[in-house]
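Engineer: The structure is given below, and queries will be raised subsequently.
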Amino acid sequence: VGMAVDANIIIFERIREEIKIGNNPKASITNGYNRAFITILDANITTLITAFVLSFIGSGPIKGFATTLSVGIICSMFTAIFLTRTIFMSLLNNNIIKNIYK
Numbered sequence: 242v243g244m245a246v247d248a249n250i251i252i253f254e255r256i257r258e259e260i261k262i263g264n265n266p267k268a269s270i271t272n273g274y275n276r277a278f279i280t281i282l283d284a285n286i287t288t289l290i291t292a293f294v295l296s297f298i299g300s301g302p303i304k305g306f307a308t309t310l311s312v313g314i315i316c317s318m319f320t321a322i323f324l325t326r327t328i329f330m331s332l333l334n335n336n337i338i339k340n341i342y343k
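Numbering-wise (my numbering), the sequence shown opens with residue 242 and increments by one.
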């Protein structure tokens with residue numbers, strides 16, 4: 242849960258930075274997600290490496306934890322990067338949200 246929240250905070254801060262420099266909402270969202278992607282990827286890859294190490298050297302409950310951690314990280318990364326971006330862009334394109342400045 243913490244890493245999923247962290248990924249969304251990173252994305253929203255990058256979008257806020259893009260808004261502050263004067264980009265339009267669509268460009269702010271696109272650039273914000275693109276700039277946040279590498280940071281999120283780095284954090285999640287590091288955690289996945291740790292999970293794989295735990296899976297290989299651990300036994301019983303440790304392997305279960307490593308598997309659960311891996312699935313959770315992959316799902317949260319997919320959700321934070323692809324699903325929220327799709328929702329944001331759909332809302333913006335369908336004029337459900339007019340701007341993201343407030």
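Glycine is no exception: its CB is placed at the ideal position from the N, C-alpha and C atoms. As the structure is a computational prediction, the values presented were derived from the model and not from experiment.
Starting from residue 311, follow the alpha helix (DSSP H) in both directions and report where the run begins and ends.
Structural biologist: Where residue 311 is concerned, the enclosing alpha helix (DSSP H) stretches over 302 to 319.
Engineer: Note down, in chain order, each residue of its chain lying with its Cβ closer than 6 Å to the Cβ of residue 338, except the 5 sequence neighbours on either side.
Structural biologist: Taken in chain order, the residues that qualify are 332.
Engineer: Please report how far the alpha carbon of residue 270 lies from the alpha carbon of residue 300, in whole angstroms.
Structural biologist: C-alpha separation (whole angstroms): 43 Å.
Engineer: Which of helix, strand or coil does DSSP assign to residue 339?
Structural biologist: Of the three classes helix, strand and coil, the one that applies to residue 339 here is coil, per DSSP.
Engineer: With a CB to CB cut of under 6 Å and the five nearest residues on each side skipped, what residues in its chain are close to residue 288?
Structural biologist: The residues are 314.
Engineer: From which residue to which residue does the alpha helix (DSSP H) around residue 297 run?
Structural biologist: Residues 266 to 298.
Engineer: Quick test of your reading: residue 317 and residue 245, contact by CB under 8 Å. State the CB separation rounded to the nearest angstrom.
Structural biologist: Between residue 245 and residue 317 the Cβ distance is about 4 Å, and since that is below 8 Å, they are a contact.
Engineer: Mapping DSSP to helix, strand and coil, what is residue 262?
Structural biologist: In the structure shown, residue 262 sits in coil (DSSP, three-state: anything other than H, G, I, E or B).
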